[in-house]
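First the structure, in the form of structure tokens, and then the observations on it.
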Amino acid sequence: MSEQKADWAMGELLAYGSLLKEGFPIRFSGQDVERGTFSHRHAVVRVEDSEEQYTPLEHVDPKQASFAIYNSLLSEYAVLGFEYGYAMSSPNSLVLWEAQFGDFMNGAQIVIDQYTVSYTHLRAHETVLDLVCRLLLEKKNKQDKYTHTISKAIE
């Protein structure tokens with residue numbers, strides 16, 4: 037940080053550290069998320085010639101919430117389904133799943149579709165993804181109403 041700049045990976049880690057310090061648990065999974073294939077996240081640092089590793093986000097503050105990060109298997113449907121269930125049972129946690137490549141999303145598409153379709157029934161157990169889906173749908177509905185009003189005015 038000699039130029040007083042932070043890249044995406046550093047900003048992401050700082051945000052996670054802030055949440056942990058505030059008491060919000062974080063669970064993160066996906067293919068190669070510990071290292072971060074493209075973002076160079078380096079959330080887990082490994083010693084090259086041993087099995088020793090260090091996870092800085094586990095050491096933000098003595099009273100911090102838990103931080104768990106897992107390199108998951110390449111079964112997107114199963115992993116995302118599990119993480120969604122985990123998020124439902126732990127609504128005050130930030131539960132993340134990251135696809136390394138866009139084509140990995142294909143394997144999880146059924147689960148993603150279920151999030152979008154079922155979000156209205158889950159308000160009591162709303163996850164962050166549910167909230168995002170709800171806000172996007174509300175924005176689309178407002179846009180549709182606006183478009184309908186403009187169309188009526190033009191007629």
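For the sequence shown, this note's numbering assigns the number 37 to the initial residue and increments by one for each residue that follows. Each residue gets a CB set at the ideal place from its N, CA and C atoms; glycine is no exception.
Q.
Please state the DSSP three-state secondary structure of Tyr130.
A. As written in the sequence, residue 130 is Leu, which differs from the Tyr given in the question. The three-state secondary structure of Leu130, taken from DSSP, is strand.
Q) Where do the ends of the alpha helix (DSSP H) carrying Ala51 lie? A) Counting along the chain, the alpha helix (DSSP H) containing Ala51 begins and ends at 44–57.
Q. Going by DSSP, which residues form a beta bridge with Gly66?
A. Bridge partners of Gly66: Asn107, Glu134.
Q. For the stretch 99–118 against the stretch 43–60, are there 3 or more C-beta pairs whose distance is under 8 Å?
A. Segments in contact, yes.
**Q.** Local Cβ density within 10 Å of Ile1, reported as buried at 16 or more and exposed below that
**A.** A query on residue 1 cannot be resolved here, the shown segment of the chain reaching from 37 to 191 and no further.
Q. What three-state label does DSSP hand Gln89 in the structure shown?
A. Gln89 falls in the strand class under three-state DSSP.
Q. Mind checking whether the beta-carbon of Ala45 lies closer than 6 Å to any heavy atom of the ligand SAH?
A. No copy of the ligand SAH occurs in the structure displayed, which carries no ligand at all.
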